[in-house]
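Asks:
Numbering (our numbering), first residue to last: 4 to 486.
1) Would you call the stretch 323 to 342 and the stretch 236 to 255 touching, i.e. three or more CB-CB distances under 8 Å?
2) Residues in the same chain with beta-carbon distance under 6 Å from residue 125, minus the five sequence neighbours each way, listed in chain order, please.
3) Can you find the residues in the same chain that come closer than 6 Å, C-beta to C-beta, to residue 163, ignoring five residues on each side of it along the sequence?
4) Give me, in chain order, the residues of the same chain whose beta-carbon lies closer than 6 Å to that of residue 269; leave out the 5 immediate sequence neighbours on both sides.
5) Determine the direct distance from the alpha carbon of residue 123 to that of residue 220, and round the result to whole angstroms.
6) Could you please give me the residues that DSSP links to residue 367 through a beta bridge?
7) When burial is assigned at 16 or more other CB atoms within 10 Å of the CB, is residue 212 buried or exposed?
8) In whole angstroms, what separates the C-alpha of residue 134 from that of residue 20?
9) Between which two residues does the alpha helix (DSSP H) harbouring residue 193 extend?
10) Alpha carbon to alpha carbon, what distance is there between residue 475 and residue 356?
11) With DSSP as the reference, label residue 441 as helix, strand or coil.
12) Could you give the uninterrupted runs of the alpha helix (DSSP H) lying entirely in the stretch 345 to 420, keeping only those of 4 residues or more?
13) Helix, strand or coil: which one does DSSP assign to residue 6?
14) Please report the residue range of the beta strand (DSSP E) in which residue 51 lies.
15) Can you name the residues that DSSP bridges to residue 165?
16) May I have the straight-line CA-CA distance separating residue 291 from residue 146, to the nearest angstrom?
17) Would you call the stretch 356 to 376 in contact with the stretch 390 to 407, where contact means no fewer than 3 C-beta pairs closer than 8 Å?
18) Have a look at residue 473 and residue 191 and give me their C-alpha separation to the nearest angstrom.
19) On the DSSP bridge list, what partners appear for residue 33?
20) Under 9 Å between the Cβ atoms of residue 293 and residue 271?
21) List the whole-angstrom C-beta distance separating residue 198 from residue 340, where the pair is believed to meet the contact cut-off of C-beta under 8 Å.
22) Taking the alpha-carbon of residue 427 as reference, which of 412, 392, 439 has the nearest alpha-carbon?
23) For residue 251, count neighbouring C-beta atoms within 10 Å of its own C-beta (all shown protein chains included) and say buried if the count is 16 or more, exposed if not.
24) Ignore the nearest five residues each way along the sequence and tell me which others in residue 17's own chain have a CB closer than 8 Å to its CB.
25) Buried or exposed for residue 358, please, with buried defined as at least 16 other CB atoms from any protein chain shown within 10 angstroms of its CB.
26) Per DSSP, which residues does residue 425 bridge with? Please list them.
27) Excluding sequence positions up to five away, which residues of its chain have a Cβ less than 7 Å from the Cβ of residue 296?
28) For residue 13, does the count of other Cβ atoms within 10 angstroms reach 16, so buried, or fall short, so exposed?
29) Let me make sure I understand the geometry here. Which of 266, 249, 94, 410 has the alpha-carbon closest to that of residue 43?
30) When DSSP labels each residue in this structure, what does residue 176 get in the three-state scheme?
31) Quick check on residue 452: does DSSP put it in helix, strand or coil?
32) List the whole-angstrom C-beta distance separating residue 464 from residue 208, where the pair is believed to meet the contact cut-off of C-beta under 8 Å.
33) By Cβ distance, which residues of its chain are closer than 6 Å to residue 459, with the 5 residues on each side in sequence left out?
34) With residue 103 as the anchor, note down where its beta strand (DSSP E) starts and where it stops.
35) Quick check on residue 47: buried or exposed, where buried means 16 or more other Cβ atoms within 10 Å of its Cβ?
36) On the DSSP bridge assignment, give the partners of residue 97 in chain order.
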């Protein structure tokens with residue numbers, strides 16, 4: 004299994020190469036050269052597997068055994084999930100009116116990103132120890148990615164992590180989950196800008212191929228293929244939990260509703276679908292509706308500005324993983340994707356070719372929800388079930404409540420309501436706060452401010468250079484160690 008860029012301008016790399024990369028050198032994103040196809044017998048056999056067992060089966064299709072032996076892969080995944088609070092790692096809550104909520108948030112930071120990042124952290128450490136190598140991880144976060152990424156690598160000796168968060172635009176809990184981690188290898192930057200603005204210095208550093216190569220700079224955003232790979236398991240588990248029976252001649256369909264920000268999770272769903280899983284996918288967004296407009300009208304264009312919403316982790320204007328979805332639907336046409344994305348990068352406007360838009364609208368349904376819709380779904384779910392939804396999960400519940408369904412439906416829940424007290428209060432409900440979250444407010448914090456007018460990319464360069472030199476001195480290396 005090898006990985007190629009969505010823009011076709013980079014040679015193939017193996018899983019290790021994709022794992023340690025951010026954007027591909029040509030600006031594209033790494034994807035498997037070939038998507039494995041699963042037959043009905045395999046799906047039936049997998050239907051009784053636990054969530055961790057599904058992750059192992061799926062990862063083994065994309066990570067060759069000669070790179071990571073099967074027993075080692077299994078151990079790494081078990082270790083990744085050892086800190087999860089629920090015995091099944093993920094849990095399906097079956098609520099009234101056919102509302103099925105797949106709780107993906109039972110990890111350390113109460114967010115779905117713990118699932119993929121805990122595994123990715125283990126994969127990284129495996130290769131770093133094997134190669135005696137140091138890396139610098141660069142992450143931009145709109146809320147949950149930063150804390151999940153930090154928890155997946157905190158205290159590890161062979162890597163440093165640099166996290167940019169949009170000051171004041173995350174919830175207080177999300178921010179504290181990052182700034183209270185006082186570890187030598189964790190560097191948090193509080194930027195006075197929005198989620199799209201903090202992506203710019205990150206893209207600049209990755210585009211500087213010499214700098215990124217010299218200092219082993221990599222990403223743990225959903226730019227990283229490893230995260231997409233692990234997330235494919237969400238769809239298989241959701242399907243097996245919600246499908247009525249697999250004994251029919253034709254396997255039943257299940258609709259899966261996916262709250263969407265940067266688009267990594269819905270990309271994993273598109274891959275699961277392409278592998279042969281009989282699912283109908285619906286991408287649901289807040290008022291930042293570029294993906295909804297793209298699905299409905301082929302209009303992949305920026306709005307005038309990012310709107311601040313209750314579902315803050317989805318306040319994203321440039322969902323970069325759409326590039327991966329378009330590549331899949333174009334038949335892996337790197338030349339076409341390069342042309343389209345270069346056009347978008349220049350004008351921030353793109354009208355999809357008619358054929359590509361047709362394929363996209365056949366693959367995905369879509370819906371957008373206002374803050375009023377979010378609050379309404381949160382209230383209804385509480386009134387009917389005494390069940391608190393986070394505002395992102397409520398975007399999916401809004402779709403469920405407003406759209407009749409003839410087949411089983413599963414809504415993915417990306418975060419616990421405990422992280423979004425302001426939204427819960429806005430809905431007129433009472434927050435339920437676990438003690439470990441309450442304790443954050445009394446803890447010491449540490450972060451570096453990034454002010455408007457500063458050259459954020461230059462600040463990051465300086466810190467990465469200093470940290471790398473310190474590691475070299477301690478490890479006795481005279482230069483950063485490449486692969």
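For every residue, glycine included, the Cβ atom is placed at its ideal position computed from N, Cα and C. Nothing here was measured: the structure is a model prediction, and the numbers come from that model.
Replies: The short version:
1) no
2) Residue mapping note: residue 125 aligns to position 122 of the chain shown, counting from 1. The residues are 79, 82, 83.
3) The residue you call residue 163 lines up with position 160 of the chain shown. Taken in chain order, the residues that qualify are 139, 188, 470.
4) Position 266 of the chain shown, counted from the first residue, corresponds to residue 269. Around residue 269: 261, 263, 286.
5) Taking the first residue of the chain shown as position 1, residue 220 is located at position 217. Taking the first residue of the chain shown as position 1, residue 123 is located at position 120. Those two C-alpha atoms are separated by around 15 Å.
6) If you number the chain shown from 1, residue 367 lands on position 364. DSSP output for residue 367 lists 284 as bridge partner(s).
7) Within the chain shown, residue 212 is the residue found at index 209, counting from 1. By the neighbour-count rule (16 or more Cβ atoms within 10 Å), residue 212 is not buried but exposed.
8) Residue 134 sits at position 131 when you count from the first residue of the chain shown. Residue 20 sits at position 17 when you count from the first residue of the chain shown. Answer to the nearest angstrom: the Cα atoms are 13 Å apart.
9) Walking along the chain shown from the start, residue 193 turns up at place 190. Careful: residue 193 lies outside any alpha helix (DSSP H), inside the beta strand (DSSP E) at 189 to 194.
10) Walking along the chain shown from the start, residue 356 turns up at place 353. Walking along the chain shown from the start, residue 475 turns up at place 472. Their Cα atoms are separated by approximately 50 Å.
11) Counted from its first residue, the chain shown places residue 441 at position 438. DSSP places residue 441 in helix when its eight states are reduced to three.
12) 357 to 366, 374 to 388, 394 to 405
13) Walking along the chain shown from the start, residue 6 turns up at place 3. Residue 6: strand per DSSP, three-state reduction.
14) Within the chain shown, numbered from 1, the residue matching residue 51 stands at position 48. Neither: residue 51 is in no beta strand (DSSP E) and is coded neither H nor E.
15) As a working mapping, residue 165 is identified with position 162 in the chain shown. 141, 190, per the DSSP bridge assignment.
16) Looking up residue 291 in the chain shown gives position 288. Looking up residue 146 in the chain shown gives position 143. If you take the alpha carbons of residue 291 and residue 146, they lie about 15 Å apart.
17) yes
18) Counted from its first residue, the chain shown places residue 473 at position 470. Counted from its first residue, the chain shown places residue 191 at position 188. Roughly 18 Å between the two C-alpha positions.
19) The residue you call residue 33 lines up with position 30 of the chain shown. Looking at the DSSP assignment, residue 33 forms a beta bridge with 8.
20) The count along the chain shown starts at 1 and reaches residue 293 at position 290. The count along the chain shown starts at 1 and reaches residue 271 at position 268. Taking 9 Å as the Cβ cut-off, residue 293 and residue 271 do not qualify as a contacting pair.
21) As a first step, residue 198 is located in the chain shown; it is residue number 195 there, counting from the start. As a first step, residue 340 is located in the chain shown; it is residue number 337 there, counting from the start. So it is not a contact: roughly 23 Å between Cβ atoms.
22) The residue you call residue 427 lines up with position 424 of the chain shown. Looking at the Cα atoms, 392 is the closest of the given residues.
23) Locating residue 251 in the chain shown gives position 248, where the first residue counts as 1. Flag for residue 251 reads exposed.
24) If you number the chain shown from 1, residue 17 lands on position 14. Excluding residues within five positions, the ones whose Cβ falls inside 8 Å are 4, 5, 6, 67, 70.
25) Here residue 358 refers to the residue found at position 355 of the chain shown. Flag for residue 358 reads exposed.
26) Stepping through the chain shown from its first residue, residue 425 is reached at position 422. Answer is none; residue 425 lacks a bridge partner.
27) As a first step, residue 296 is located in the chain shown; it is residue number 293 there, counting from the start. Counting only Cβ-Cβ distances below 7 Å, and skipping sequence neighbours, we find 302.
28) Within the chain shown, the letter at position 10 stands for residue 13. With 16 or more Cβ atoms within 10 Å of its Cβ, residue 13 is classed as buried.
29) Translated into positions along the chain shown, residue 43 becomes position 40. Nearest option by C-alpha distance: 249.
30) As a position in the chain shown, residue 176 is number 173, starting the count at 1. It is helical.
31) Within the chain shown, the letter at position 449 stands for residue 452. In this structure, residue 452 counts as strand in the three-state DSSP scheme.
32) Position 461 of the chain shown holds residue 464. Position 205 of the chain shown holds residue 208. That pair is a contact at about 7 Å.
33) Along the chain shown, read from residue 1 onward, the residue named residue 459 stands at position 456. So the qualifying residues of the chain are 204, 453.
34) Stepping through the chain shown from its first residue, residue 103 is reached at position 100. 103 to 106 is the span of the beta strand (DSSP E), which, as asked, contains residue 103.
35) Reading the chain shown from its first residue, position 44 is the one you call residue 47. Residue 47 comes out exposed.
36) Here residue 97 corresponds to residue number 94 of the chain shown, with the count starting at 1. BP columns for residue 97 point to 103.
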